[in-house]
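Going by full-length UniProt numbering, the first residue of the sequence shown is number 1, and it counts up by one from there.
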Amino acid sequence: METRTMPTGVAVLKWYFIIIGILSIAGGVILPPFAVGILRLIMEASGEELAPLALAGGMAFLYGFLAVCWGVLHIFVGLYLGRGYGWTKIAALIIGTISILSGGAILGILCLFIYLLSQECKAFFQTQTEGR
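If you want it as structure tokens, here you go:
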């Protein structure tokens, strides 16, 4: 079996995915309870009803759930990106495209233009059956 060396760009992108995933999970777990607490303090201080707090709290926890899911996806793709599976290249390109659309331009540019579309990375992600 032929061993392939991981290009430096793929290694950088792998760790970038893992770090972004960890930060996303941390944000999804930490920020929603703080947001609800701050809203509660503001509403109690202003003397208004707490009914809008239910909607705001629901939205905060929905954001938290989606952020945790997005973080887990980043970590999953990041862990398998270094193994050279073809599906991880496609997943990284999709996540990079979504990141560009949502404002995460650094991850998108790294994925699409610098690392995954270079000739060195294309050779790394060729399927193992092509060599047989």
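Beta carbons are placed, not taken as given, at the ideal position from N, Cα and C, and that holds for glycine.
As assigned by DSSP and simplified to three states, the class of residue i
i, result
"residue 63", "helix"
"residue 24", "helix"
"residue 84", "coil"
"residue 138", "Look at the range of the chain in this structure, 1 to 132, and you will see that residue 138 is not part of it."
"residue 7", "coil"
"residue 142", "The first residue shown for the chain is 1 and the last is 132, placing residue 142 beyond what the model contains."
"residue 135", "What is shown of the chain runs 1 to 132, which leaves residue 135 out entirely."
Top-ranked residue by Cα proximity to residue i, from the options
i, options, result
"residue 56", "68, 38 and 66", "38"
"residue 34", "53, 19, 6 and 18", "53"
"residue 31", "63, 87 and 70", "63"
"residue 86", "61, 118, 122 and 109", "122"
"residue 60", "36, 49, 70 and 69", "36"
"residue 98", "70, 119 and 118", "70"
"residue 28", "89, 120, 68 and 118", "68"
"residue 89", "101, 126 and 66", "126"
Original post:
Taking one C-beta from the region 17–25 and one from the region 67–86 each time, how about it: are there three or more such pairs within less than 8 Å?
Top reply: Per the Cβ contact rule, the region 17–25 is in contact with the region 67–86 (3 or more Cβ pairs under 8 Å).
Subject >> Sufficient close CB pairs (3 or more, under 8 Å) joining the region 3–13 to the region 81–100 >> reply: In the pairwise beta carbon analysis, the region 3–13 is classified as touching the region 81–100: at least three pairs are separated by under 8 Å.
Original post:
Do the region 88–101 and the region 41–50 touch if we need at least three Cβ pairs shorter than 8 Å?
Top reply: Contact between the region 88–101 and the region 41–50 is absent: fewer than 3 CB-CB pairs across the two stretches fall below 8 Å.
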